[in-house]
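Note sheet for the following structure.
Residue numbers (the numbering used here): 1 to 563.
Encoded structure:
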């Protein structure tokens, strides 16, 4: 992790001890008890005996509709430990949702209980058969499960050719890089990390600057260790993939400690660009030429470093138009004693670090992971959720201004500026754990966005959004591609209601090692109808709907209302 030597003066506290916060406009509760979700994360040794960085990174999670019943199901990745043999890790879990808040475990029946040392998960329909498939990143070979469409999956990793090398992979994302209608796969890879190659934190061999934090002996790395190269796989359309990392341009002389990835059209040219959050080195922006060839422009477009020209310790990332100007912006979560970073998109030409002005000073002492822009209060702009928790359990014995277990952050959007509202957002934001992955979705189908969070070596947290509606409305949009990939990844929806125009894009990746609800969600404020709803598909086809009723979920098939 990046060691920040300069303590910023821009420190703010979100919760003041002894002060009871007044209830705010948002309200979240812990709905985990009684939900049926039984899971506890294992990532290396117990909290008090961890010695390597990979033992502190945790795992991700995904919302998906695996059985096609229209209700969100939940997949949770789990880990292992160094004293276990390969294949003897904790079982990943699949829970079938009933759309009302209850879940039933179906892992064994579905055949998705992989027992590696898992980290991330991506969801995508790789064969366009209408059923989502699951990609899992591991410390070791990765796994691809193909959905048979009958409630079961088959492990097609070997046939597909996506196991990768026996290395540490983190996040991954499905997207269509060349617009041929098939989902390709980008995989973030992190660093070489094993007891044979990296010194144990706190050992005599580890007493150097890359194994200490503010004088405290911690895990070694990533600086000083060997990074892995990311991997890009092209979907051949026949159930197999080809590694095109070099020929596509996704290749660096030296890897970059990749942790988060999100894919979106960042220059409004109709194809998908790839943004990667890297730990302790500059982030990457791979600009797509529309034919599957990429050029790295992170530094040129000012999205690789912060406003001080400094590399940060990127964990998770998300992309959305938070200020309503028609251009998709970026957010990256970072290490403690540093700000999380918002990169405002300046018309596709470059980005500016808008973090301080946008109101993220309060994040300075937190270490952050999963992240997402969503309209949690349905007032027609995008709020910001950030999951927090430190990577170093040993910090709790020292007075360093931050702790291992932390609360999460919720920011309310007000005209493109954010107000931190966690302490006033219900009992769900009083839970202290070391959080990691965050997956966003309306699991109970009541029209607002909920959050599921994994933690390090602890039970998860299901945050149910119980925010009062107060006359506000919503629209959820399910997209089904025909010429485009069936998941419609890369499709952009523009909603116009009254004087307001909002865009949302079906993106690949995002957050930290996690996958979101495949439906697009619009908060509409007081609007009682959507005047026009336009879909720009990856194929170039445009659909247009008029006078769309609010407070419902609609499904749009590519070409059915062709403009």
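From the three backbone atoms N, C-alpha and C, an ideal C-beta is built for every residue, glycine too.
Inter-residue Cα distance where the pair is residue i and residue j
| i | j | result |
| --- | --- | --- |
| residue 57 | residue 544 | 44 Å |
| residue 21 | residue 465 | Here the model assigns residue 21 a pLDDT of 48, short of 50, so the residue's position is not dependable, and the following value carries that caveat. Taking the straight line from one Cα to the other gives about 19 Å. |
| residue 366 | residue 212 | 18 Å |
| residue 403 | residue 391 | 9 Å |
| residue 547 | residue 242 | 44 Å |
| residue 154 | residue 183 | 18 Å |
| residue 14 | residue 137 | Low local confidence applies: a pLDDT of 39 at residue 14 is under 50, so the model's placement there is unreliable, with the coordinate-based value given in what follows. Spanning the two alpha carbons is a distance of roughly 34 Å. |
| residue 227 | residue 197 | 13 Å |
| residue 3 | residue 503 | Residue placement at residue 3 is poorly supported in this model, since its pLDDT is 42, which falls under 50; the coordinates still yield a value, given next. C-alpha separation (whole angstroms): 37 Å. |
| residue 200 | residue 252 | 29 Å |
| residue 162 | residue 235 | 10 Å |
| residue 514 | residue 451 | 11 Å |
| residue 220 | residue 482 | 48 Å |
| residue 569 | residue 118 | No answer is possible for residue 569: the residues shown for the chain start at 1 and end at 563. |
| residue 193 | residue 524 | 47 Å |
| residue 420 | residue 105 | 36 Å |
| residue 457 | residue 89 | 13 Å |
| residue 377 | residue 32 | 21 Å |
| residue 218 | residue 499 | 53 Å |
| residue 195 | residue 51 | 9 Å |
| residue 347 | residue 321 | 11 Å |
| residue 338 | residue 356 | 11 Å |
| residue 526 | residue 549 | 13 Å |
| residue 102 | residue 160 | 34 Å |
| residue 229 | residue 245 | 9 Å |
| residue 49 | residue 225 | 21 Å |
Pair within 9 Å by beta-carbon distance, residue i and residue j
| i | j | result |
| --- | --- | --- |
| residue 54 | residue 190 | yes |
| residue 331 | residue 323 | no |
| residue 444 | residue 99 | yes |
| residue 406 | residue 436 | no |
| residue 60 | residue 512 | yes |
| residue 553 | residue 477 | yes |
| residue 381 | residue 326 | no |
| residue 140 | residue 167 | yes |
| residue 311 | residue 361 | no |
| residue 258 | residue 538 | no |
| residue 41 | residue 454 | yes |
| residue 479 | residue 496 | no |
| residue 25 | residue 467 | yes |
| residue 73 | residue 111 | no |
| residue 250 | residue 186 | yes |
| residue 290 | residue 484 | no |
| residue 440 | residue 63 | yes |
| residue 474 | residue 521 | yes |
| residue 248 | residue 293 | yes |
| residue 81 | residue 44 | yes |
| residue 306 | residue 383 | no |
| residue 471 | residue 27 | no |
Environment of residue i [buried if 16+ CB atoms lie within 10 Å]
| i | result |
| --- | --- |
| residue 393 | buried |
| residue 528 | exposed |
| residue 422 | buried |
| residue 146 | buried |
| residue 296 | buried |
| residue 208 | exposed |
| residue 489 | buried |
| residue 598 | Residue 598 lies beyond the residue range present for the chain, which begins at 1 and ends at 563; the question has no answer from this structure. |
| residue 344 | buried |
| residue 399 | exposed |
| residue 510 | buried |
| residue 564 | A query on residue 564 cannot be resolved here, the shown segment of the chain reaching from 1 to 563 and no further. |
| residue 17 | In this prediction, residue 17 has a pLDDT of 40, which is less than 50 and means its spatial position is unreliable; nothing more can be read from the coordinates. |
| residue 624 | No answer is possible for residue 624: it lies beyond the span of the chain, which begins at 1 and ends at 563. |
| residue 562 | exposed |
| residue 287 | buried |
| residue 272 | buried |
Cross-strand partners of residue i (DSSP beta bridge)
| i | result |
| --- | --- |
| residue 372 | 385 |
| residue 27 | DSSP, once it has assigned bridges, lists no residue as partnering residue 27. |
| residue 227 | 191 |
| residue 323 | DSSP, once it has assigned bridges, lists no residue as partnering residue 323. |
| residue 184 | 175 |
| residue 103 | 97 |
| residue 62 | 75 and 515 |
Test: residue i CB closer than 9 Å to a CB of chain B
| i | result |
| --- | --- |
| residue 103 | Looking at the structure shown, chain B is missing, and only one protein chain is on hand. |
Given 8 Å, three or more beta-carbon pairs between the segment 109-123 and the segment 167-183: yes
Stretch-stretch touch, CB-based, cutoff 8 Å, three pairs: the segment 67-80 with the segment 93-110: yes
Inter-stretch contact at 8 Å, needing at least 3 Cβ pairs: the segment 275-283 / the segment 303-318: yes
Contact the segment 487-505 vs the segment 265-274: 3+ CB pairs below 8 Å: yes
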